[in-house]
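Only one structure is covered here, and it is reproduced in the block below.
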Amino acid sequence: MGLSELFYYASSLSFYTILSLSPILLFVFSLFVSHYLQAHSGEMEALIFPNAPKLIGAIKDFLENFKKTDMTLGTLEEVSIVVALVLFCENYRSIASKIFDAKPRDYAHFKGKEIFLFWGFGTTLVFLFALPLVVFFDIKIQVFFEDKDSSLLHVLRWIGTYAFFLILFTIPTNKVFKHYFWVFLWVFFTSVSWHALKWAFTYYVLYNRTYHELYGSVSILWFLMSWVYVSWLVILIGMYGCKMCDTFDPKEVFKKFLGFFKKET
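Just so we're aligned, residue 53 is where the sequence shown starts under the numbering used here, counting upward by one.
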């Protein structure tokens, strides 16, 4: 598989993400207006869009209107959320198996027994458990810091993102890596790149008015679709880099690098 195919796969994942956005957002907004997240709204704002007061203001206005309506999820909404998540996760699992050239993970091992996880349901369960844990971790660590711009706080928040990306790399397939050093290294590169791009997109939205003039009221939709696509592209490139480097022994690569560096000096 070539690097150019990753752009196609990123488009596919972006399409499924946008397609499943409505039922997922309904679920997310229901969580946002829960008593627990209302008590930690400041921490959630910092997690999603740091230093973006205009965007946060728009989100707050939407949530206030959402709270005034009926927030109870009906049977149809609950079913649509489950179907959307399973379809999305199955697509991601299929793409991950192609990138790593490995079979999708169909079984989970528990106490020596194999539990069959049909289609993308197993990956869905992982997302449902892992993502809330990352958000909960981020909220809790912010409570202990009075200075929200603390370097240590940013590092701890990045660790949460790193753990989630590590799950994205290793859970969907039965890939047995020869050298897990490359997995941890490429997850590091991916998480750092994703955080940097999040800040870049946020500041672009705040300080560049060109897209407002071109797209008007639908500019936020353009921003959302672009951000989703770029995010998936970064993740897939990280997975591809991990697969390509896995054939090399890290010790040998390190020795050659040191040898080249010594020759240059």
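Each residue gets a CB set at the ideal place from its N, CA and C atoms; glycine is no exception.
Being a predicted model, the structure only gives us computed values, none of them experimental.
Cβ atoms of threonine 242 and valine 286 come within 8 Å of each other, at about 6 Å. Fewer than three pairs of CB atoms, one per stretch, sit closer than 8 Å, so the stretch 200-219 makes no contact with the stretch 128-148. Using a Cβ distance threshold of 7 Å, phenylalanine 216 and valine 239 do not count as a contacting pair. In the structure shown, proline 224 falls within a coil segment according to DSSP collapsed to helix, strand and coil. If you draw a straight line from the Cα of phenylalanine 309 to the Cα of cysteine 294, it comes to about 18 Å. Under the criterion of beta carbons closer than 8 Å, aspartate 298 and phenylalanine 229 qualify as touching, at roughly 5 Å. Leucine 128 and tyrosine 281 have their C-alpha atoms some 28 Å from each other. In terms of CA proximity to aspartate 153, Gly54 leads the group Ser63, Gly54 and Phe59. Less than 7 Å separates the beta-carbon of serine 149 from that of threonine 225. When the five nearest sequence neighbours on each side are left out, the beta carbons in the same chain lying within less than 8 Å of the beta carbon of leucine 218 are those of Val235, Phe236 and Val239, in order along the chain.
Across the structure, isoleucine 147 and valine 244 are spaced so that their CA atoms are roughly 22 Å apart.
By a beta-carbon distance limit of 8 Å, leucine 288 contacts leucine 58. Their separation comes to about 5 Å.
If you check the CB distance, serine 56 and tryptophan 284 do not come in under 7 Å. The alpha-carbon of lysine 303 is positioned some 21 Å away from that of glycine 290.
Classified as buried, lysine 227 has 16 or more neighbouring CB atoms from the shown chains inside 10 Å of its CB.
Proline 156 is bridged by DSSP to Thr225. Counting only unbroken stretches of 4 or more residues, the alpha helix (DSSP H) elements lying wholly within the stretch 234-310 are 262-267 and 271-297, in sequence order.
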